[in-house]
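Okay, here's the thing in structure tokens:
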């Protein structure tokens with residue numbers, strides 16, 4: 045079974061997405077910059093609408109657009125936002141943090157994972173900026189991250205099917221890989237088959 049994660053901006057599309065029976069929702073704000081943390085009220089109301097459905101609510105934690113290298117102030121903001129998202133009813137969380145060398149910021153992630161209180165975590169498309177992705181994947185498995193969202197290329201290029209398929213084989217069930225970026229209702233089944241994943245992500249998957 046393919047698990048579809050619909051990326052939505054703010055609350056507006058939540059009721060219709062739940063009605064359509066989508067398996068997961070990634071709730072964001074400001075998709076024009078790739079998504080930032082939605083407000084407490086938006087998370088709470090979304091969780092209320094979703095609670096009696098089979099849809100899982102994942103909430104992105106990202107304090108701003110731009111890169112994924114965060115200073116101590118930004119990490120404190122993210123930590124607080126995670127605590128509030130959990131309080132508001134998030135069922136899963138989506139975040140990532142890199143060093144200036146575009147490697148996993150393990151110290152930051154450990155802090156954020158602790159704040160997550162055991163909720164499933166997806167490391168978002170910051171993963172595409174990492175050079176040694178197999179080492180990074182091993183590190184995320186060790187940290188307890190459940191999923192990785194990736195495109196395998198810059199977003200102005202097609203999904204890198206070969207790279208993702210190689211990582212899915214390397215992961216060998218230790219961590220799930222979500223594919224996103226140009227994935228639609230028309231092509232997701234073919235892309236899932238080509239990459240070997242059962243998790244797909246996008247704004248146009250239903």
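Numbering (our numbering), first residue to last: 45 to 250.
Where is the CB? At the ideal position from N, CA and C, for every residue including glycine.
Computed from a predicted structure; not experimentally measured.
By the 16-neighbour rule on beta-carbons within 10 angstroms, residue 202 is exposed. Using a Cβ distance threshold of 8 Å, residue 180 and residue 148 count as a contacting pair. The C-beta distance from residue 102 to residue 49 rounds to 7 Å, short enough to fall under 8 Å. Taking C-beta atoms under 8 Å as the contact rule, residue 161 and residue 130 qualify, at a distance of about 6 Å.
Ranking 80, 51, 72, 73 by CA distance to the CA of residue 66 puts 51 first. Rounded to whole angstroms, residue 84 and residue 56 show a C-alpha spacing of 15 Å. The three-state secondary structure of residue 46, taken from DSSP, is coil. Looking at 233, 173, 111, the one whose alpha-carbon comes closest to that of residue 46 is 233. Put simply, the stretch 119 to 127 touches the stretch 151 to 168. At least three CB pairs are less than 8 Å apart. Taking all protein chains in view, the Cβ of residue 70 is crowded by 16 or more other Cβ atoms within 10 Å, so the residue is classified as buried. Take the alpha-carbon of residue 79 and the one of residue 168: they are about 10 Å apart. If the five residues before and after residue 144 are omitted, its C-beta is found closer than 7 Å to the C-beta atoms of 113, all from its own chain and listed in chain order. Per DSSP, residue 243 is one residue of the beta strand (DSSP E) stretching across 243 to 246. Around the C-beta of residue 191, 16 or more other C-beta atoms lie within 10 Å, and the residue is accordingly described as buried.
In the DSSP assignment, residue 190 falls outside any beta strand (DSSP E), carrying neither H nor E.
For residue 221, the beta-bridge partners assigned by DSSP are 192. Every unbroken stretch of the alpha helix (DSSP H) spanning 4 or more residues and falling wholly within the stretch 92 to 163 is given here in chain order: 116 to 132, 150 to 159.
The criterion of a C-beta distance shorter than 8 Å is satisfied by residue 99 and residue 62.
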